[in-house]
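Visitor:
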Amino acid sequence: MNAQALSASSSSAPLVITRDMIARLDVAGPRYTSYPTADRFVEAFGAPQYRQALAQRAHGAGAVGGGAQPLSVYVHIPFCESVCYYCACNKVVTRHHERAIEYLEALYREIDLHVEVLGRGQSLSQLHLGGGTPTFLTDEQIEQLLNKLQSAFRFVPGGEYSIEIDPRTVDAERLGRLWAMGFNRISLGVQDFDPQVQQAVHRVQSFESVAGLMDAARKVGFESINMDLIYGLPRQTSESFARTLAQVTQLRPERVALYAYAHLPQRFKPQRRIDAKLLPPPVDKIGMLSAAIEHFREAGYDYIGMDHFALPSDPLAVAKRQGRLHRNFQGYSTQPDSDLIGLGVSAIGRIGPHYTQNAKTLDEYYDTLGRGEFPIVRGLTLSRDDLVRRAVIMAIMCQGRVDIESIELAYLIDFRQYFAQEIEQLEPLVEKGLVVMEPDGVRVSPLGWYFVRAIAMVFDRHLQADKVVERFSRII
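Quick note on numbering that gives the first Met the number 0: the sequence shown kicks off at 0 and runs consecutively.
#1: Residues in its own chain within less than 7 Å of Ala-477 by CB, not counting five upstream and five downstream?
#2: Could you tell me the alpha carbon to alpha carbon distance between Glu-423 and Ile-406, rounded to whole angstroms?
#3: Are the segment 28-38 and the segment 378-397 touching, with three or more C-beta to C-beta distances below 8 Å?
#4: Go to Gly-175, then tell me how far its alpha helix (DSSP H) extends in each direction, as first and last residue.
#5: Take Arg-460 and list the residues in its own chain whose beta-carbon comes closer than 7 Å to its own, dropping the five residues that flank it on each side.
#6: Using 10 angstroms around the beta-carbon of Thr-137, count the other beta-carbons present and answer buried if the total reaches 16, otherwise exposed.
#7: Based on Cα-Cα distance, which residue from Glu-97, Leu-425, Arg-217, Phe-154 lies nearest to Gly-181?
#8: Three Cβ pairs or more, each shorter than 8 Å: is that satisfied between the segment 226-238 and the segment 281-288?
#9: Would you mind giving the Cβ-Cβ distance between Asp-227 and Tyr-260, rounded to the nearest angstrom? I have them listed as a contact below 8 Å.
#10: With respect to the alpha helix (DSSP H) encompassing Ser-289, which residues constitute its N-terminal and C-terminal limits?
#11: For Phe-458, I'd like the list of residues in its chain whose CB is within less than 6 Å of its CB, leaving aside the five on either flank, ordered along the chain.
#12: For the 8 Å Cβ check, are there 3 or more pairs between the segment 428-443 and the segment 393-402?
#13: Which value, in whole angstroms, describes the spacing of the CA atoms of Ala-309 and Thr-93?
#14: Within the same chain, show all residues whose beta-carbon is closer than 8 Å to that of Thr-168, passing over the 5 residues directly before and after it, in chain order.
#15: Return the residue from the list Arg-452, Arg-377, Ile-395 that minimises the CA-CA distance to Phe-44.
#16: Would you report the Cα separation of Tyr-107 and Ile-162, rounded to the nearest angstrom?
#17: Could you give the first and the last residue of the continuous beta strand (DSSP E) run that contains Phe-347?
#18: Would DSSP call Gly-211 helix, strand or coil?
#19: What number of angstroms, rounded off, separates the C-alpha of Ala-455 from the C-alpha of Val-82?
#20: Please confirm whether Leu-117 and Leu-53 have their CB atoms less than 7 Å apart.
#21: Where Asn-327 and Asp-338 are concerned, what is the direct C-alpha to C-alpha distance, given to the nearest angstrom?
#22: Would you kindly check if the distance between the Cβ of Ile-303 and the Cβ of Leu-315 is under 7 Å?
#23: Answer with buried or exposed for Lys-90, where buried requires no fewer than 16 other C-beta atoms within 10 angstroms of its C-beta.
#24: Cβ of Ile-340 within 7 Å of Cβ of Gly-330?
#25: Only counting the same chain, and skipping five residues up and downstream in sequence, which positions put a Cβ closer than 7 Å to that of Ala-241?
#26: Comparing alpha-carbon positions, which option in Val-189, Glu-142, Tyr-364 lies nearest His-201?
#27: Would you mind sorting Val-203 into buried or exposed? The rule is 16 or more other CB atoms within 10 Å of its CB.
#28: Looking only at its chain, what residues have a beta carbon closer than 8 Å to the beta carbon of Leu-103, apart from the 5 residues adjacent to it on each side?
#29: What ranges does the alpha helix (DSSP H) occupy inside the segment 367-432, keeping only unbroken runs of at least 4 residues that lie completely in it?
#30: What is the DSSP secondary structure of Val-155, reduced to helix, strand or coil?
#31: Just checking my contact of Asn-183 with Tyr-160 at CB under 8 Å: how many whole Å lie between their CB atoms?
#32: Sort out for me which residues DSSP pairs Ser-161 with in a bridge.
#33: Going by DSSP in three states, Leu-148 sits in which element: helix, strand or coil?
#34: Sort out for me which residues DSSP pairs His-485 with in a bridge.
#35: Which residue's Cα is closest to the Cα of Glu-115: Ala-99, Ile-100, Ser-150?
#36: Just verifying my parser: in three-state terms, what is the DSSP assignment at His-461?
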């Protein structure tokens with residue numbers, strides 16, 4: 000590695016990332032799966048406000064058959080048999096599988112509450128089961144949950160119906176059953192194939208076992224396989240991560256989600272088991288990201304942005320080329336900017352201009368549903384300014400470009416006047432080659448994609464107002 004700079008290839012010219020740039024821009028900041036971010040949610044928004052938001056969808060343009068965008072639904076299954084030390088998810092570590100019975104009963108009550116307000120048969124085009132470990136449930140329990148959802152919503156043909164899978168919990172037979180239930184996409188949590196890294200994060204699974212599962216999934220007929228990777232893990236080196244990248248492209252998943260490890264042991268107890276001295280320094284982390292982008296591009300993948308890669312034929316890559324890429328609480332998405340219903344403990348959702356989050360503990364989740372109430376404990380109704388800034392930030396995160404005229408026409412503002420302060424704050428990023436100011440827009444440069452969160456942060460009014468960023472992960 001060059002002592003002064005790291006280089007990465009792009010489709011045109013080499014990209015040079017200096018150590019000084021890393022030092023200045025490797026700050027804590029949001030991932031912008033939403034704007035405003037979830038830390039801005041308030042307890043003043045609760046179950047009554049959520050019920051009203053659902054009713055507005057049901058009785059307005061969102062009435063069944065009324066032409067509303069189909070729903071997305073996320074279901075959070077919190078249970079895991081063992082803890083992965085890097086994990087920052089809301090989870091319950093247990094080997095007592097009978098605990099899932101009570102949880103599913105609560106989920107069914109939550110689904111019924113939505114049917115009471117929305118009516119039965121709202122269109123649904125995207126379903127994702129996440130966690131935790133959704134495959135902690137038995138096949139019978141997963142099928143029962145799907146049947147319940149299908150009785151409440153109308154699943155649109157050709158939709159995306161996906162489930163996160165811990166490779167240690169499934170075999171070829173289970174994959175066949177999941178396909179038969181109606182899932183057409185799976186996401187495999189791999190993180191890293193290096194044995195020493197796996198031991199350091201308490202998640203051991205062989206390359207051979209994952210390769211066998213992917214072969215079985217393709218034989219069954221799964222349309223898309225996503226693989227999750229993490230860079231910046233303990234004992235990871237540039238050399239070991241390069242081997243993992245080679246193994247991943249050998250398996251050729253349709254999508255790859257590459258996340259930077261966020262070490263926040265003060266917030267996430269499992270991370271306290273990680274020795275911070277074993278974590279690679281920021282300069283090595285950016286080297287891993289650079290190597291990954293170059294490696295996947297050479298292997299024929301499109302760089303979707305920030306943390307996603309996809310084969311050119313995958314709908315995610317197609318949506319990026321066509322300017323239809325979106326971002327929601329689950330990351331990048333091909334679905335239109337649709338409402339998202341979050342089911343389960345800690346699940347986050349969005350209905351119109353309203354964000355919501357469920358109770359974070361099982362006890363509170365069960366207790367609220369036992370009283371016949373939605374388990375919403377906090378949320379937010381977006382202001383007009385929030386909506387304008389959300390449009391700008393999502394354009395940066397998804398398309399890498401803000402079209403000034405489009406924003407002005409949609410929100411009836413003078414962009415240069417409204418964002419005069421932000422345009423001034425972009426100047427240092429322009430000088431560094433991260434942003435290009437065009438006559439009709441603001442464009443993220445190829446180099447800027449490495450620091451796209453820092454560019455989006457300029458337009459975050461809440462963040463700029465209080466400057467408190469310690470609660471977020473670092474952007475590299």
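No residue lacks a Cβ here, since even glycine has one placed at the ideal position from N, Cα and C. Only a predicted model underlies this, so the values are computations on that prediction, with no experimental measurement involved.
Guide: Taking the geometry as given:
#1: Outside the displayed span of the chain (0 to 475) sits residue 477, for which this structure offers no information.
#2: 18 Å
#3: yes
#4: 171-180
#5: Asp-384, Arg-388
#6: exposed
#7: Phe-154
#8: yes
#9: Going by Cβ atoms, the distance from Asp-227 to Tyr-260 rounds to 12 Å, so no, they are not a contact pair.
#10: 281-297
#11: Arg-388, Val-391, Ile-392, Glu-421
#12: yes
#13: 34 Å
#14: Glu-80, Thr-132, Thr-134, Phe-135
#15: Arg-377
#16: 18 Å
#17: Here the sequence assigns Ile to residue 347, which means Phe is not the residue at that position. Unbroken beta strand (DSSP E) run through Ile-347: 347-350.
#18: helix
#19: 33 Å
#20: yes
#21: 10 Å
#22: yes
#23: buried
#24: no
#25: Ala-290
#26: Val-189
#27: exposed
#28: Leu-136, Gln-140, Gln-143, Leu-144
#29: 383-397, 403-410, 414-417, 419-430
#30: strand
#31: 5 Å
#32: His-127, Arg-184
#33: helix
#34: Residue 485 falls outside the range modelled here, since the chain spans only 0 to 475, and no answer is possible.
#35: Ser-150
#36: helix
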